[in-house]
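What follows is a set of notes on a single structure, which appears directly below.
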Amino acid sequence: MRYRMRVAAAAASGLALLAGCGLTSGSPMVDDVQPGTVGQGEPLKGADITVTSKEFTEQLILGAMMGIAFKAAGADVLDRTGIQGSIGAREAIKSGDADAMYEYTGTAWITYLGNSEPITDPQKQWQAVHDADLKNGITWLPPAQLNNTYALAMNDANFKKYGTKTLSEVAELAKSDPKAVTLCVESEFANRADGLHGMEKAYGMSIPASNVTQMDTGIIYTQVKKGTCTFGEVFTTDGRIRSMNLHVMEDDRHFFPNYNAAPSINSKSLAKYPKMAEVIEPITKKLDNTVAQELNAKVDVDGQDPHDVAKDWLVKEGFIKE
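Numbering (this note's numbering), first residue to last: 2 to 323.
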């Protein structure tokens, strides 16, 4: 399921949470952490900050990073991470029920702000979201390189056999050897204008329906690894890419939207505690797809706790001390 794009389902979940107790739950962060390269002098001492996130692995890790960093900087942090659906977490920031979270630029631009055409340049995409969301009382801090978007990937054996590295090369392969290009995709990706159909149009591909198999997200990775499908739809920061040694095709025509992670903060909260920006900025700068794949794999492949994974990484990078 495409968690960023399930607008109707997310809206229903979000409204249910807002009406119920979803945004009143949470627990204080009790991590015994000290400033490292961030939070020196405890610039957030005396601040009461609530962090939130959506419920999937990467979001839980990013939410924990943010909360632990604020804690090391002296804040009292309430952990309300793990809200089901995009809309619930978004509304928590917008209303002030929560102060800060990591959000994705593409999600905001398309899902929340209602635009149909993504902006190709990631910095311009972020700037457009930043400018548009100010009227909603939300301030976006500078984005990470981490870009959790769509991609096609293949296993090592097929990579050695066909040698494709870009989607343009996949398109050429589809023309020269149509039987070679078989796809495993989600049903949503198969039917979205900004999914399979849009990709085919952008790259001049023509893939027969008989070469496309629709299945659940988790199954796609295992089937691509087995070679059941030559290519599978993946998300670029998924930890299984590394653990299964899959090769991601470059979107060389920049068709897929940018989903760069960036701190999204309630504007009144940022005005009250402006040092939040200073504390989180170095951490955001360090986040890229390689880091995300590594950390996501620790949870989804190795079974570690997202909060522990986040804290261990912050310590390893010297951002905080235990």
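Note that the Cβ used here is the ideal one computed from N, Cα and C, for glycine as well.
In the three-state DSSP reduction, Tyr274 falls in the coil class, being neither helix nor strand.
Annotated as proximal: Val302 and Gly240, with beta-carbon spacing under 8 Å. The bridge partners DSSP lists for Asp77 are Asp49.
In the structure shown, Leu247 falls within a coil segment according to DSSP collapsed to helix, strand and coil. In the DSSP secondary-structure assignment, Gln215 is bridged to Val186. Just measuring C-alpha positions, the residue of Ala129, Ala311, Thr229, Lys276 sitting nearest Lys180 is Thr229. Between the C-alpha atoms of Glu104 and Gly75 there is a straight-line separation of about 24 Å. Taking one beta carbon from each stretch, the segment 171-191 and the segment 253-273 have fewer than 3 pairs nearer than 8 Å; the two do not touch.
Taking 8 Å as the cut-off, the Cβ atoms of Asn259 and Thr150 count as close.
Under the three-state reduction of DSSP output, Thr38 falls in the coil class, being neither helix nor strand.
Counting only the Cα atoms, Ala145 lies some 11 Å from Ala293. Asn137 and Ser265 have their C-alpha atoms spaced approximately 11 Å apart.
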